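Numbering (the working numbering), first residue to last: 1290 to 1559.
Contents: one structure, followed by commentary.
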């Protein structure tokens, strides 16, 4: 079988040195820095020291490939240390980025979520600080969701208030987490007016944010928001929320009064 260039290229570096992909290792010499790819199994294979050079023990091996299952056909890199006891090194790659395995050693799998690495003399822009903030926010929300789930953390009890002719509901201060791990905080009671009895509602709370504190931006002096204010939206819904909202209570009524359905229990964080 010829060692002509394959149709698809996997980029492979051993200790920073780029190795060349070939169709087969059978024709490779012991010092040829080459590798082969078994695409039916998703395996990158190095030589055994006879047919193809074998990386030295402990060498860092990085495989970069195009992830056809990701948005915009993104590139994925995985890095592992060469296991010195194995004659052939197999790196199994998967479009899902989940089932990444290695024969004869451990392997690192990288998510592509990056944080800014600062160093002296580095030129930073607004995008750099935005990426740093997004990284920290994402990690914090991932922590919330993975360890605590979604639902009410504390407070946010609901009661019916007002007169029969002008009823309302009051949501007390509290904290909740939505399905994205975002914190929904009420610092003060919120009152929502009710209509005439005769229907049923869910009391729903959702995460909300708004841009505030505009400042002029040179040279034109266009105003740009300099802050983001986080808060909550409380609303009434005839249907149970299926998206980001959290149902705090269910309201029922007869022809005269509103009341809280005592059988309904809001989701609680664990």
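The beta carbon of each residue, even a glycine, is placed where N, CA and C say it ideally should be.
All values derive from a computational prediction rather than experimental measurement.
(request) Taking residue 1499 as part of the beta strand (DSSP E), name the residues at either end of that continuous run. (result) 1490–1506
(request) Express the C-alpha separation of residue 1423 and residue 1480 in angstroms, rounding to a whole number. (result) When rounded, the distance between both Cα atoms is 33 Å.
(request) Would you give the residue range spanned by the beta strand (DSSP E) that residue 1431 belongs to? (result) No beta strand (DSSP E) contains residue 1431, which is instead part of the alpha helix (DSSP H) from 1415–1437.
(message) Taking its Cβ as the centre, do 16 or more other Cβ atoms sit within 10 Å of residue 1467, making it buried, or is it exposed?
(response) By the neighbour-count rule (16 or more Cβ atoms within 10 Å), residue 1467 is buried.
(message) Considering Cα atoms alone, identify which of 1412, 1449 and 1340 is closest to residue 1549.
(response) Considering only alpha carbons, the answer is 1449.
(request) Specify the secondary structure class of residue 1533 as computed by DSSP and reduced to three states. (result) coil
(message) By DSSP's criteria, residue 1327 is part of a beta bridge. Which residues make up the other side?
(response) 1332
(request) Kindly identify the DSSP beta-bridge partner or partners of residue 1549. (result) 1540
(request) Reducing DSSP to helix, strand and coil, say where residue 1555 ends up. (result) Three-state DSSP puts residue 1555 in coil, outside helix and strand.
(request) Provide the residue span of the beta strand (DSSP E) that contains residue 1312, from first to last. (result) Unbroken run through residue 1312: none, as it is neither H nor E.
(request) Give the straight-line distance between the Cα atoms of residue 1319 and residue 1353, rounded to the nearest whole angstrom. (result) 24 Å
(message) Given this structure, state the Cα-to-Cα distance separating residue 1538 from residue 1493, to the nearest angstrom.
(response) 8 Å
(request) Output the distance between the C-alpha atoms of residue 1445 and residue 1413, rounded to the nearest integer angstrom. (result) Their Cα atoms are separated by approximately 42 Å.
(message) Please report the distance separating the alpha-carbon of residue 1477 from that of residue 1457.
(response) Inter-residue distance for residue 1477 and residue 1457 is about 16 Å (C-alpha atoms, whole angstroms).
(request) Mark residue 1585 as exposed unless 16 or more other C-beta atoms lie within 10 angstroms of its C-beta, in which case mark it buried. (result) Coverage of the chain is limited to positions 1290 through 1559, which leaves residue 1585 absent and any answer about it impossible.
(request) Leaving out five residues on either side along the sequence, give the residues of the same chain with a beta carbon under 7 Å from the beta carbon of residue 1404. (result) 1421 and 1424
(request) Given a cut-off of 9 Å, decide if residue 1521 and residue 1497 are closer than it, judged by their beta-carbon atoms. (result) yes
(request) Compare the beta carbon distance of residue 1470 and residue 1441 with 9 Å and say whether it is the shorter of the two. (result) With respect to the 9 Å criterion, residue 1470 and residue 1441 are not classified as neighbours on the basis of their beta carbons.
(message) Taking the alpha carbon of residue 1299 as the reference point, which residue from 1400, 1310 and 1524 has its own alpha carbon closest?
(response) 1310
(message) Would residue 1526 and residue 1534 be called neighbours here (beta carbons separated by less than 9 Å)?
(response) yes
(message) Quick test of your reading: residue 1346 and residue 1314, contact by CB under 8 Å. State the CB separation rounded to the nearest angstrom.
(response) Actually they do not touch by this definition, with Cβ atoms about 19 Å apart.
(request) For residue 1377, I'd like the list of residues in its chain whose CB is within less than 7 Å of its CB, leaving aside the five on either flank, ordered along the chain. (result) In this prediction, residue 1377 scores a pLDDT of 42, lower than 50, which makes its location untrustworthy; no coordinate-derived value is stated.
(message) If you reduce the DSSP assignment to three classes, tell me which class residue 1359 lands in.
(response) Low confidence applies here, because residue 1359 scores a pLDDT of 48, under 50, leaving its location unreliable; read the following figure in that light. Residue 1359: coil per DSSP, three-state reduction.
(request) Name, in chain order, the residues that DSSP records as bridge partners for residue 1523. (result) 1494
(request) Could you have a look at residue 1342 and say whether DSSP puts it in helix, strand or coil? (result) coil
(message) Per the DSSP calculation, residue 1472 is bridged to which residue(s)?
(response) 1466
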